[in-house]
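Numbering (this note's numbering), first residue to last: 707 to 841. Right, one structure below, let's go through it.
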């Protein structure tokens with residue numbers, strides 16, 4: 707993209723700020739430039755946030771029904787997914803997914819619970835519970 711073609715759509719997600727992106731100058735060099743937003747980026751960001759909210763609500767409902775552990779809900783609630791959480795706690799994805807089982811999650815050691823809680827930015831007691839409501 708050429709610097710002169712960088713969108714300046716005043717995207718709401720930037721809160722009036724600008725961000726740096728790289729584009730091609732008239733001389734053909736890649737240079738940094740600023741944008742105050744791009745409508746397409748806003749749409750995609752909105753769709754991604756809607757999907758995270760859907761996954762969070764689904765995990766909440768399944769956890770309430772005893773079909774998954776609170777860990778899955780908290781993972782999505784903190785805007786993470788399975789690969790991201792697994793990498794952050796230093797475990798294989800299949801190991802983290804196995805901990806989504808309510809029975810297995812109930813038997814996790816304090817050390818493993820603390821590892822998940824630390825990565826998710828919550829305390830151990832919060833990790834083990836679901837909020838009363840989630841919308």
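Beta carbons are placed, not taken as given, at the ideal position from N, Cα and C, and that holds for glycine.
Judged by DSSP secondary structure, residue 822 falls outside any beta strand (DSSP E) and instead within the alpha helix (DSSP H) spanning 816 to 826. Rounded to whole angstroms, the Cβ separation of residue 724 and residue 741 is 6 Å, and the two are in contact under 8 Å. In the three-state scheme derived from DSSP, where H, G and I count as helix and E and B as strand, residue 762 is classed as helix.
Taking a cut-off of 8 Å on C-beta distances, the stretch 709 to 716 touches the stretch 729 to 743, as three or more cross pairs fall below it. DSSP places residue 719 in the helix class (H, G or I) of the three-state scheme.
Between residue 784 and residue 792, the CB-CB gap reaches or exceeds 8 Å.
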